[in-house]
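J.: Numbering (the numbering used here), first residue to last: 2 to 297. Ideal placement from N, C-alpha and C gives every residue a C-beta, glycine not left out. Please read these numbers as outputs of a predicted model, since none were measured by experiment. Provided herewith is a single structure, encoded as structure tokens, for subsequent inquiry.
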Amino acid sequence: MNYKIFAVLLAFGLSGCASPGVNKTAPEGTGAAANTAPFGVTASAQVVDMGSATAAANAGQILHKKGDGGSKAADKKNEKSKGEFKVRELVINSDTLRFNRDTSEAIFSGHVVAEASNVIIYSDELHSKDYRDNAQAFGNVRAVYKEQNVVINCKRMDYREKLTKVCGYDDVVVRKLLDDGNTMTMRCDVIEFNAGDNVLYARRVTNRVRVTLKDVMAFADTVSYSDPAKEMEFTGNPLLKKNKSVFISDNIRLDVEKKMIRMKDNIFTRLFPKDVEGARRQETGKSGVKPDGGKP
2 MNYKIFAVLL
12 AFGLSGCASP
22 GVNKTAPEGT
32 GAAANTAPFG
42 VTASAQVVDM
52 GSATAAANAG
62 QILHKKGDGG
72 SKAADKKNEK
82 SKGEFKVREL
92 VINSDTLRFN
102 RDTSEAIFSG
112 HVVAEASNVI
122 IYSDELHSKD
132 YRDNAQAFGN
142 VRAVYKEQNV
152 VINCKRMDYR
162 EKLTKVCGYD
172 DVVVRKLLDD
182 GNTMTMRCDV
192 IEFNAGDNVL
202 YARRVTNRVR
212 VTLKDVMAFA
222 DTVSYSDPAK
232 EMEFTGNPLL
242 KKNKSVFISD
252 NIRLDVEKKM
262 IRMKDNIFTR
272 LFPKDVEGAR
282 RQETGKSGVK
292 PDGGKP
């Protein structure tokens, strides 16, 4: 049996990421009962294919009747005043839906798909007291942010602030398609993603973060990537390899657009002539001038 829930979402901001040891209940500060619309604005919701009057009555506890014209105007005003990343409607499909009256928590199970126009989150199970604002997904979790070209796979994920920010845990694999057509891959214990800023932040819990990008492989305790700046920053004993050349320092920055590496403090490098010559040829091809100042 399929369940569909439609919810009008407002615009959103930024929230912190829970520690890896957080339990499966909805995080604190998410609101009292799930039938209270955020910011006092009535949400629009509808249930279809419930299958029985009892199921419909139980599920109806977390839903709202369509708001009046004033509520719609408030929704529109809030959307304009918030950040750039917005989800206006969220549809959740699952095989089963349970609702706990005591905890006001909805539990979607089996082939769960939470979908909006610009983001989709797949999971085996999804728990939430207010699915319009936040939820926890479990099992084989996969989040696809279409506009940001980001795909996150993990075993557990929290989404907060109406999907502006997600935190993924356990066996995390992140793939980010860059402007030049190359794909950056991150493997880590914890990933934080801010869709509004288009920034990724990976950190170590037990295993070092591993990043691969074309002919570059890097390891560090923490790695951040800013898409607006087109730059990666490695901290926590970072090591970067480009082909056979090795770069070690306290802080390494990689400009993915200009293909430049910058290092700071306790620097150690081992350069192979072929790698250096390859970089020189690449730079020559871009500028149209030989390194010695002559014409090609």
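When we look at the beta-carbon of residue 105 and count the other beta-carbons within 10 Å, is it buried (16 or more) or exposed?
T.: By 1-based counting over the sequence shown, the position of residue 105 is 104. With 16 or more Cβ atoms within 10 Å of its Cβ, residue 105 is classed as buried.
J.: Quick one: what does DSSP say residue 41 is sitting in, helix, strand or coil?
T.: The residue you call residue 41 lines up with position 40 of the sequence shown. Note on residue 41: pLDDT 25, under 50, position unreliable in the model; no value is reported.
J.: Residues in its own chain within less than 6 Å of residue 146 by CB, not counting five upstream and five downstream?
T.: If you number the sequence shown from 1, residue 146 lands on position 145. Closer than 6 Å at Cβ, skipping near neighbours: 120, 196.
J.: Measure from the alpha carbon of residue 94 to the alpha carbon of each residue in 100, 101, 127, then state which is nearest.
T.: Position 93 of the sequence shown, counted from the start, is the residue given in the question as residue 94. Taking only the C-alpha atoms, the option nearest residue 94 is 127.
J.: Does the segment 197-211 come close enough to the segment 244-254 that 3 or more CB-CB pairs lie under 8 Å?
T.: Judged by Cβ distances under 8 Å, the segment 244-254 makes no contact with the segment 197-211, as fewer than three pairs qualify.
J.: Quick one: what's got a C-beta closer than 7 Å to residue 150's C-beta in the same chain, skipping five residues either side?
T.: Here residue 150 corresponds to residue number 149 of the sequence shown, with the count starting at 1. Hits under 7 Å: 177, 178.
J.: Given this structure, state the Cα-to-Cα distance separating residue 92 from residue 192, to the nearest angstrom.
T.: Translated into positions along the sequence shown, residue 92 becomes position 91. Translated into positions along the sequence shown, residue 192 becomes position 191. Taking the straight line from one Cα to the other gives about 25 Å.
J.: Would you decide whether residue 167 is buried or exposed? Buried here means 16 or more other CB atoms lie within 10 Å of its CB.
T.: The residue you call residue 167 lines up with position 166 of the sequence shown. Residue 167 should be labelled buried.
J.: Taking the beta strand (DSSP E) that residue 149 belongs to, which residues open and close that run?
T.: In the sequence shown, residue 149 corresponds to position 148, counting from 1. No beta strand (DSSP E) contains residue 149, which DSSP labels as neither H nor E.
J.: Under a Cβ-count criterion, where at least 16 other Cβ atoms within 10 Å of its own Cβ denotes burial, should residue 272 be classed as buried or exposed?
T.: What you label residue 272 is simply residue 271 of the sequence shown in a count that begins at 1. The residue in question, residue 272, is exposed, as its Cβ has fewer than 16 Cβ neighbours within 10 Å.
J.: Distance, Cα to Cα, residue 184 vs residue 102?
T.: In the sequence shown, the residue the question calls residue 184 occupies position 183. In the sequence shown, the residue the question calls residue 102 occupies position 101. The alpha-carbon atoms of residue 184 and residue 102 are separated by roughly 45 Å.
J.: Between the Cα of residue 158 and those of 113, 238, 169, spot the shortest distance and give me the residue it belongs to.
T.: Mapped onto the sequence shown, residue 158 falls at position 157. The residue with the shortest Cα to Cα distance from residue 158 is 169.
J.: Once the 5 residues before and after residue 240 are set aside, which same chain residues still bring their CB inside 8 Å of it?
T.: For the purposes of this step, residue 240 is taken as residue 239 along the sequence shown, with counting starting at 1. 219, 220, 221, 247, 248, 249, listed in sequence order.
J.: Sort 122, 254, 258, 175 by Cα distance to residue 143 and report the nearest one.
T.: Stepping through the sequence shown from its first residue, residue 143 is reached at position 142. Out of 122, 254, 258, 175, 122 has the C-alpha closest to the C-alpha of residue 143.
J.: Given that a residue counts as buried once 16 or more other Cβ atoms are within 10 Å of its Cβ, and exposed if not, what is residue 224?
T.: Position 223 of the sequence shown, counted from the start, is the residue given in the question as residue 224. When all chains shown are included, residue 224 counts as buried.
J.: Round the Cβ separation of residue 96 and residue 112 to the nearest angstrom and send it over; I've been treating them as touching at under 8 Å.
T.: Here residue 96 refers to the residue found at position 95 when the sequence shown is read from its first residue. Here residue 112 refers to the residue found at position 111 when the sequence shown is read from its first residue. Their Cβ separation, rounded to whole angstroms, is 6 Å, which keeps residue 96 and residue 112 in contact under 8 Å.
J.: Please list, in chain order, all residues of the same chain as residue 180 whose beta carbon is under 8 Å from its beta carbon, the five residues on each side excluded.
T.: In the sequence shown, counting from the first residue as 1, residue 180 sits at position 179. So the list reads 231, 258, once near-sequence residues are dropped.
J.: How should residue 141 be labelled, buried or exposed, when 16 other C-beta atoms within 10 angstroms of its C-beta is the threshold for buried?
T.: For the purposes of this step, residue 141 is identified with residue 140 of the sequence shown, where counting begins at 1. Classification of residue 141: exposed, given that the 10 Å Cβ count is below 16.
J.: Sort out for me which residues DSSP pairs residue 126 with in a bridge.
T.: Within the sequence shown, the letter at position 125 stands for residue 126. Residue 126 is bridged to 110, 139.
J.: How would you label residue 268, buried or exposed, when you count the other beta carbons within 10 angstroms and need 16 or more for buried?
T.: For this step, residue 268 is matched to residue 267 along the sequence shown. Exposed.
J.: If we count the other Cβ atoms within 10 Å of its Cβ and call it buried at 16 or more, is residue 1 buried or exposed?
T.: Since the first residue shown for the chain is 2 and the last is 297, residue 1 is missing from the structure and cannot be characterised.
J.: In terms of alpha-carbon separation, which member of 244, 256, 136 lies closest to residue 229?
T.: Residue 229 sits at position 228 when you count from the first residue of the sequence shown. Answer by Cα proximity: 256.
J.: Name the DSSP beta bridge partners of residue 169, please?
T.: Here residue 169 corresponds to residue number 168 of the sequence shown, with the count starting at 1. Per DSSP, 158, 192.
J.: Would you decide whether residue 263 is buried or exposed? Buried here means 16 or more other CB atoms lie within 10 Å of its CB.
T.: As a first step, residue 263 must be located in the sequence shown, where it is residue number 262. Residue 263 is exposed by the Cβ-count criterion.
J.: Taking Cβ positions, are residue 172 and residue 154 nearer each other than 9 Å?
T.: The residue labelled residue 172 in the question sits at position 171 within the sequence shown. The residue labelled residue 154 in the question sits at position 153 within the sequence shown. Yes, they are a contact pair.
J.: Kindly list the residues whose CB is nearer than 6 Å to the CB of residue 152, restricted to its own chain and excluding five residues on each side of it in sequence; keep chain order.
T.: Position 151 of the sequence shown, counted from the first residue, corresponds to residue 152. So the list reads 145, 176, once near-sequence residues are dropped.
J.: To the nearest angstrom, report how far apart residue 139 and residue 216 are at their CA atoms.
T.: Position 138 of the sequence shown, counting from 1, holds the residue named residue 139. Position 215 of the sequence shown, counting from 1, holds the residue named residue 216. Those two C-alpha atoms are separated by around 34 Å.
J.: Buried or exposed for residue 270, please, with buried defined as at least 16 other CB atoms from any protein chain shown within 10 angstroms of its CB.
T.: Here the question's residue 270 lines up with position 269 in the sequence shown. By the neighbour-count rule (16 or more Cβ atoms within 10 Å), residue 270 is not buried but exposed.
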